[in-house]
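Student: Can you read through this structure? Questions will come right after.
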Amino acid sequence: QLVSNDQFRSVEHRVLANKSKDTARVSVASFFNTDMERSTRLYGPITDGHNPPIYRSVTARDFIATFNRIGLDGRSLDHYRLDQDTPAHAVEGSE
1 QLVSNDQFRS VEHRVLANKS KDTARVSVAS FFNTDMERST RLYGPITDGH NPPIYRSVTA
61 RDFIATFNRI GLDGRSLDHY RLDQDTPAHA VEGSE
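Counted from 1, the sequence shown has number 17 at position 17 by UniProt numbering; the numbering is strictly sequential.
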């Protein structure tokens with residue numbers, strides 16, 4: 001959601017596990033070779049005058065630090081949400 005400016009929404013991950021005691025199901029979300037200093041700055045037609053940025057720019061390092069601090073609460077992106085009154089030109093990387 002951060003990278004797509006809410007054009008692509010994430011969903012709560014739910015699993016219905018088999019009732020069999022012999023099997024286990026595990027889901028693991030992973031980052032591979034992530035540039036920890038690269039920003040989530042939005043490029044191209046994702047933002048414009050009619051579709052201003054919804055979230056502030058954040059690095060992977062900051063995102064992971066915040067995740068480690070607050071954990072999974074279903075509201076992890078609220079920390080990055082811009083105020084409705086924030087002008088687009090005040091957001092890093094938007095012109």
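Idealized CB from N, CA, C, for every residue including glycine.
For R14 versus Q1, is the C-beta spacing smaller than 7 Å?
Tutor: Annotated as distal: R14 and Q1, with beta-carbon spacing of 7 Å or more.
Student: Of the residues T59, E12, L77, which one's Cα is nearest the Cα of E37?
Tutor: T59
Student: With a Cβ-Cβ cutoff of 7 Å, do R56 and L72 count as a contact?
Tutor: no
Student: DSSP three-state label for R69, please.
Tutor: Judged by DSSP in its simplified three-state form, R69 adopts helix.
Student: Could you tell me which of R69, P53, A29 sits nearest to T40, measuring between CA atoms?
Tutor: Of the candidates R69, P53, A29, the one whose C-alpha sits nearest the C-alpha of T40 is P53.
Student: Within its chain, find whatever has a CB closer than 8 Å to the CB of N5; leave out the 5 residues flanking it on each side and keep chain order.
Tutor: L42, I46, T47, N51, P53, I54, Y55
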